[in-house]
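To start, the structure itself, in structure tokens.
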Amino acid sequence: GENVEQHPSTLSVQEGDSAVIKCTYSDSASNYFPWYKQELGKRPQLIIDIRSNVGEKKDQRIAVTLNKTAKHFSLHITETQPEDSAVYFCAASTPNQAGTALIFGKGTTLSVSS
Amino acid sequence: NAGVTQTPKFQVLKTGQSMTLQCAQDMNHNSMYWYRQDPGMGLRLIYYSASEGTTDKGEVPNGYNVSRLNKREFSLRLESAAPSQTSVYFCASSEANGRGGYTFGSGTRLTVV
């Protein structure tokens, strides 16, 4: 089955710096790659996603890039702010005859200090 | 419009007890999922239901059973709880094939003593 590796596990940056989180996946059939943000004690929330027919997607300060050949995708956050501090999860969706389900990475704890 | 509702929010069980975690969504989504979240382990898929009437095992199904009662409801049952099942459990739903992303419930914090 699908396996998703996420790095780094923790990331500390200064306010205004950029942050990059990287993920790799194992199943070449995976075709959907979302990123979720989870604040302490809350539920994960979708922040951006990308499908396999697109190489890059941007939404204000957040961007995601996908390299299908290398089977890796990355989250880029520019001009970080203290409210970006949270745990970020990448995921990959593998279709099979039963449907699809997301397999998540283990998460990256991002700390933005002012 | 409540989204995904999970009950209960907190539960303490003794080893060997059974319980059912309830999940209901009002977004007319076809697919529903159960995940567990443990520190440093991310979200691990227990079971999912791609559509009403179907269920399938995820990454960590042992010790759990599920029922897709109807399109709205997807329950997770622990028949004989073990301390290793202490975790935060999240239910989620999505359109078919995950289109539009997942909507998560607020979670159930389960402690097995």
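Order-wise, the sequence lines are chains A and B.
Mapping to the working numbering: the first sequence position 82 is 82, numbers consecutive.
Mapping to the working numbering: the second sequence position 91 is 91, numbers consecutive.
We treat Cβ as the ideally placed atom computed from N, Cα and C, and that holds for glycine.
Computed from a predicted structure; not experimentally measured.
- Only residues of its own chain outside the window of five on either side were considered, and among them G16 have a CB closer than 6 Å to the CB of B:S80, listed in chain order.
- Contact fails between the segment 21-37 of chain A and the segment 16-35 of chain B, because fewer than three Cβ pairs, one in each stretch, are under 8 Å apart.
- Each residue's CA atom was taken as its position, placing A:T65 and B:G3 some 30 Å apart.
- Put simply, of B:G105, B:N62, B:V112, B:T111 the residue whose alpha carbon is nearest the alpha carbon of B:F74 is B:G105.
- For B:G101, the nearest beta carbon of chain A is closer than 7 Å to its own beta carbon.
- With respect to chain B, the C-beta atom of A:A101 has a partner C-beta closer than 7 Å.
- For B:G63, the closest Cβ of chain A is not nearer than 7 Å.
- For A:D49, same chain residues with a beta-carbon under 8 Å away, outside a window of 5 residues either side, are Y32, F33, P34, W35, K57, V64 in chain order.
- In this structure, the alpha-carbon of A:E2 lies about 23 Å from that of A:T109.
- Annotation: the continuous beta strand (DSSP E) that includes B:Q37 extends over 31-38.
- For B:M19, the enclosing beta strand (DSSP E) starts and ends at 19-25.
- Of the candidates A:S28, A:V13, A:G107, A:R61, A:S28 places its Cα closest to the Cα of A:P95.
- Here the alpha carbons of B:K14 and A:S74 stand approximately 42 Å from one another.
- Taking C-beta atoms as the reference points, A:T100 and A:S93 count as a pair closer than 7 Å.
- From the beta-carbon of A:F104, the residues of chain B found nearer than 7 Å are G42, L43.
- In the three-state scheme derived from DSSP, where H, G and I count as helix and E and B as strand, B:S84 is classed as helix.
- In terms of Cα proximity to A:S114, the closest of A:Y88, A:A91, A:E79 is A:E79.
- Under the 10 Å beta carbon count, A:K106 is surrounded by 16 or more other beta carbons and is classified as buried.
- Among the residues of the segment 63-93 of chain A, those with a Cβ less than 7 Å away from any Cβ of chain B are F89, S93, in the order of the chain.
- Taking 7 Å as the cut-off, the Cβ atoms of B:S51 and B:N65 do not count as close.
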